[in-house]
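Every letter in the sequence shown is one number past the one before it in my numbering, and letter 263, counting from 1, is 279.
From the three backbone atoms N, C-alpha and C, an ideal C-beta is built for every residue, glycine too.
Reading through the C-alpha cells given below for one structure.
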Amino acid sequence: MSLRRTLIAGLAIGAGAAPAAAQQLPTIPGYSPAASSAQRQLEQAAVAGPLATRAKTNSAELSKEPHIAGTAAQKRTADYVIAQMKAMGLETELRTYDVWLPHATEVKITRFGRDTVAFDLVEPGIAGDPATQRPQYLTVNGSSGAGVGEGEVVFVNFGLIEDYATLDSLGVSVKGKVVLARYGRSFRGIKAREAEKRGAVAVLIYTDPLDDGFVAGDVYPEGPMRPLEGVQRGSVFNGAGDPLTPGYPSKPGAPRLKPEQTELPRLPVVPISAANAQRILDGVRGTDIPRGWQGGMALRYHVGPGPVRLRVEVRTDAATNGTKQIHNTLGYLRGSQFPDQYVYIGAHRDSWGPGAADNISGTVSVLEAAAALADMAKKGQRPKRTIVFATWDAEEWGLVGSSEYVEDDSLRLKKGAVAYLNQDVSAQGSQFGGGGSPSMRSTLRDVVKSVPDPKGRGSVYQAWRLTTGTRADSLEPAMGDPGGGSDFAGFYNHLGIPTADWGFGGPAGTYHSAYDTHAWMERFGDPGFLYHAASGRIGAAFALRLANAEVLPYDYVEFAQTMRRYLAPVERGLTQKGWSTTPVKSIATAITTLETAAKAWAAARDAALAAGVGATHTVAANTALLQVERSFARDRGLKSRPWYRTLIYASDVDNGYSSMVFPGVNEAIRYGTEAETNEEVADLVSRFEAAAKSLDAARAALAAKR
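See below:
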C-alpha cells in the first residue's frame with residue numbers, strides 16, 4: 017500500500033564480504049564484545065544468502081496474474097509461498113479468516129449532454145506484457161458503496177477538507193453532485209468520506225499526469241510512468257481489519273456487525289483514468305479554478321458545477337458473496353533459546369493487479385530473508401529467538417489480514433513479540449529509505465552499513481547518505497514515522513510493538529494499476545532484481561540481529577530525543593487556540609525523565625555485557641524492555657479511533673497518509689476543549705514516566721548481584 021526500492025565496488029556478495037572487516041567494527045549494542053564479533057560474522061553469512069536470480073523467479077511466478085484478495089488467484093499465491101517455505105525446511109502455517117470483502121461485479125459511467133457516452137473503463141493491454149492482457153479487477157474502489165449516483169460534475173481538486181473550505185468560499189456545493197477528485201495528498205478513503213459528508217451522490221478519483229504521468233516522465237511501455245489510460249485502484253475503507261468484527265478476529269461464529277452499522281462508504285466510489293477525467297473536465301465550466309488547482313492535462317480546468325452530467329453505477333456481490341476467505345502464510349524458524357519470543361518480518365501478498373512492485377517485491381524480499389536464515393539453520397546456526405516470516409492477505413482492503421492476525425494472537429504478541437519488520441514495496445528503484453519506531457532506527461542504520469549497495473556506491477548506508485545529501489557527520493538521513501497505512505499498524509499502532517520498515521524507490525507511475533507487472537519491474541523498477549535481493553539481505557541481517565541479542569538493542573535515547581522535536585507543534589497548537597502552553601513543559605519534563613533513564617540504562621547495559629552478565633539477569637532485563645513502548649498503548653485507544661492505541665503515532669484522522677504525533681493530545685487540541693487536552697497531556701506524561709520505570713527495572717535487573 018505504501019509507495020517505496022556480481023561484484024559491487026570490489027565486494028563479492030556471493031562470498032558475503034562486508035564493507036569493513038567484522039573485527040574492526042564497534043561492539044553491537046546489546047551484545048558482549050565476544051558475542052558482537054561472532055554476530056557480525058553471522059550477519060555477513062546472512063547477507064550472502066539472498067539471490068537475485070531466485071528473487072526474479074519468485075517475482076515472475078507471483079505476479080503473473082492479477083491476484084485480488086478473496087480470489088482463487090490470490091489463494092494460489094498463498095499456496096506458492098507455503099510451498100517455498102516448506103522447501104526451505106521451515107515450519108509453516110496457513111491462517112484463514114472469513115472477512116467482509118464484497119467484490120465489484122459491474123461498473124458503468126455514462127455522460128449526458130449533447131451526446132450520451134458510456135466510458136470505456138478498462139486499462140488497455142500492452143503488447144509484449146502478457147500480464148496486462150489478463151482479465152482485470154473492475155475499476156471500482158475497494159469497499160465502494162453499491163448503487164447509482166447521477167448529477168452534475170464538480171471538480172474538487174484533491175478533495176481535502178481545505179479544498180471544500182475553498183469551494184464554500186466560492187459558493188459551490190457538492191450536494192447532489194458527482195465529485196471528481198485528484199489522487200494525492202490524502203488517503204482516498206478520506207476523499208470519499210468528505211464527499212459523502214457533504215451530500216455528493218458519487219465520487220470519481222483520477223491520477224493527474226502532473227503527479228505520476230507524462231509530466232513526470234515517459235509513460236509505460238516507453239518509460240516507468242502512468243499512461244493516460246492507467247487507473248489507480250485502492251480501498252476507501254478508513255479503518256483496519258474486517259469492518260464487521262472490529263477488535264476481534266473474523267473466525268467462524270464470531271459476532272458480526274451489519275454493514276450498515278459500520279462507517280463504510282454508502283455512495284459509489286470509482287477510480288478512473290486521466291484520459292477519462294480529461295473527457296469529463298473538457299466539458300466542465302462554471303466557476304473558474306482557484307490558484308494551484310490546475311493539473312497537467314492540456315485543457316483549462318474548471319470547478320463546475322456542470323454542465324457535464326454523469327451517471328455512476330456500481331454493483332457488487334455483497335448480497336450473495338460479501339464474506340470471503342483470506343489467507344495469511346506464516347513460516348517459523350524456531351529459536352534455540354527463547355522460542356516464545358518472536359521477531360516478525362512480513363509483507364502483504366495481495367494486489368489490485370499483477371502487483372510486481374506492490375507488493376510482490378516485499379513478499380519476494382521476505383522469502384529471500386527466509387531462505388538465507390533457513391540455510392544457516394540447516395548448518396547449525398539457528399537464531400536464539402523465533403523468527404516468523406509472514407505474508408499477509410487483504411492489506412489493500414484495509415490492512416485486513418495482518419490486523420486479524422494481531423487480534424487473534426494479541427496475548428502471545430503482547431507477551432513475546434520483540435519487533436515487527438515490514439516490507440511494503442521493497443524494490444522499485446535504487447534509492448534507499450527507511451523508518452519506523454525511533455527505538456529501532458539506530459539498529460537499521462547499523463545493519464545497512466554492512467550490506468553492499470548494488471550500484472557499487474559502497475554500502476547501502478553510504479549510498480543512502482549520498483542520495484539524500486547528508487554530508488555532516490553529526491547528521492543522519494531522515495526516516496519516516498509509523499503513522500499507519502501498512503501492515504505494521506496492528507503491531508505498532510494497536511499493540512505498541514516496535515517496528516521498522518525499509519525499501520528502495522525510484523520513478524514509478526504504475527501504482528495499483530494493471531501495469532504493475534513483472535515486465536515493468538524487469539525493465540524499469542529493478543532490472544536484474546538486485547534490489548529485491550538487497551532488501552532481503554537487510555531483512556535477514558536485521559532479523560538475526562534482534563533474534564540473537566543478549567539484551568534487546570532498542571535505542572530509547574534516540575526515541576526520547578525524537579519525541580522532544582515534536583513539542584514545538586504542540587505548543588503552536590495551544591497558542592493558536594489561546595490556551596495555556598504550560599502542558600508542554602510537563603511533557604518536556606517527562607521526556608527528559610525518559611531520556612535520563614535511557615542513558616543510564618544504555619551505560620549499565622554496555623558495562624554489564626563487557627564485564628559478563630548471567631542469563632537470568634538478561635532475561636529479566638529483556639522482560640522489562642518489552643514493556644517500554646507498550647506503555648504508550650492505551651487500552652481504550654484514541655477517542656477518534658479506539659483500535660489505534662499508541663499515543664505516540666497514528667495516521668492523521670483527516671488525511672490518512674500523513675502521521676500525527678502524540679495523537680491523543682493533538683486531536684484534543686484540534687477537536688476538543690482545553691480541559692480534554694489537559695487530560696490527554698496528563699495521560700501521555702504518565703506513560704512516559706511508566707516507560708522510564710521499565711528502563712529503570714531493566715537496569716536494576718542487570719545490576720542485581722551476579
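> Which residue or residues does DSSP assign as beta-bridge partners of Trp518?
Replying inline: Gly450
> Can at least three beta-carbon pairs, one atom from the segment 233-248 and one from the segment 288-296, be found at a separation below 8 Å?
Replying inline: yes
> Would Tyr360 be called buried (16 or more neighbouring beta carbons within 10 Å of its own) or exposed?
Replying inline: buried
>> If you measure between the beta carbons of Phe174 and Arg209, is that distance less than 9 Å?
In response: no
> In the DSSP assignment, what residue or residues form a beta bridge with Lys340?
Replying inline: Val115
>> I'd like the span of the alpha helix (DSSP H) that includes Met495, first residue to last.
In response: Premise fails: Met495 is in no alpha helix (DSSP H) and is neither H nor E.
> For Leu389, which beta-bridge partners are listed by DSSP?
Replying inline: The partner list for Leu389 (beta bridge, DSSP) is empty, contrary to what the question assumes.
> How would you call Val133, buried or exposed, if buried means at least 16 neighbouring beta carbons within 10 angstroms?
Replying inline: exposed
>> Restricting to runs no shorter than 3 residues, where is the beta strand (DSSP E) found entirely within the segment 366-448?
In response: 401-408, 433-438
>> Bridge partners for Ser667 per DSSP, in chain order?
In response: Ser675
> Taking just the CA atoms, how far does Ser75 sit from Leu226?
Replying inline: 30 Å
>> Quick check on this structure: which residue in Glu690, Tyr96, Asn337, His343 has the alpha carbon closest to the alpha carbon of Trp595?
In response: Glu690
>> Looking only at its chain, what residues have a beta carbon closer than 6 Å to the beta carbon of Arg325, apart from the 5 residues adjacent to it on each side?
In response: Phe128, Glu168
> If Val252 and Asn157 are in contact, beta carbons under 8 Å, what's the gap, nearest whole angstrom?
Replying inline: 5 Å
>> Restricting to runs no shorter than 4 residues, where is the alpha helix (DSSP H) found entirely within the segment 515-564?
In response: 546-564
>> Which of the three DSSP states is assigned to Phe354 in this structure?
In response: strand
>> Classify Leu346: buried if its beta carbon has 16 or more other beta carbons within 10 angstroms, exposed otherwise.
In response: buried
> So, helix, strand or coil for Ala719, using DSSP?
Replying inline: helix
>> Among the candidates His534, Thr662, Tyr687, whose CA atom is the shortest distance from the CA of Glu77?
In response: His534
> Between Gly432 and Ala147, what straight-line distance do the alpha-carbon atoms span, to the nearest angstrom?
Replying inline: 42 Å
>> According to DSSP, is Pro5 part of a helix, a strand, or is it coil?
In response: Outside the shown range of the chain (17 to 722) lies residue 5, about which nothing can therefore be said.
>> Counting only C-beta atoms, is Thr336 closer than 9 Å to chain B at any point?
In response: Included in the structure is just one protein chain, with no chain B present.
> Is it buried or exposed for Val330, if we count other Cβ within 10 angstroms and need 16 for buried?
Replying inline: buried
>> Suppose contacts are defined by Cβ-Cβ distances below 9 Å. Is Ala14 in contact with Glu538 by that definition?
In response: Outside the shown range of the chain (17 to 722) lies residue 14, about which nothing can therefore be said.
> In the structure shown, what three-state DSSP assignment does Phe230 receive?
Replying inline: coil
> Near Ala719, what residues of its chain come up, given a Cβ to Cβ distance below 7 Å and the 5 sequence neighbours on each side ignored?
Replying inline: Ala620
> Exposed or buried, what is Thr336 when buried is set at 16 or more other beta-carbons lying within 10 Å of its beta-carbon?
Replying inline: exposed
> So Met104 packs on Ala390, CB below 8 Å; how close in whole Å?
Replying inline: 4 Å
> If Ser529 sits next to Ser442, beta carbons under 8 Å apart, how far is it from one beta carbon to the other, in whole angstroms?
Replying inline: About 19 Å separates the two Cβ atoms, so there is no contact after all.
> Would the beta-carbon of Glu212 fall within 9 Å of that of Leu283?
Replying inline: yes
> Would you call the segment 79-96 and the segment 302-315 in contact, with 3 or more CB pairs under 8 Å?
Replying inline: no
>> Using only CA atoms, which one of Gly338, Val567, Ser453, Ala62 lies nearest to Ala120?
In response: Gly338
> What separation, rounded to the nearest whole angstrom, lies between the Cα atoms of Gly371 and Asp532?
Replying inline: 5 Å
>> Does Val681 come out as helix, strand or coil in the three-state DSSP assignment?
In response: helix
> What separation, rounded to the nearest whole angstrom, lies between the Cα atoms of Pro585 and Ala606?
Replying inline: 17 Å
>> Can you look up Arg198 in the DSSP assignment and give me helix, strand or coil?
In response: strand
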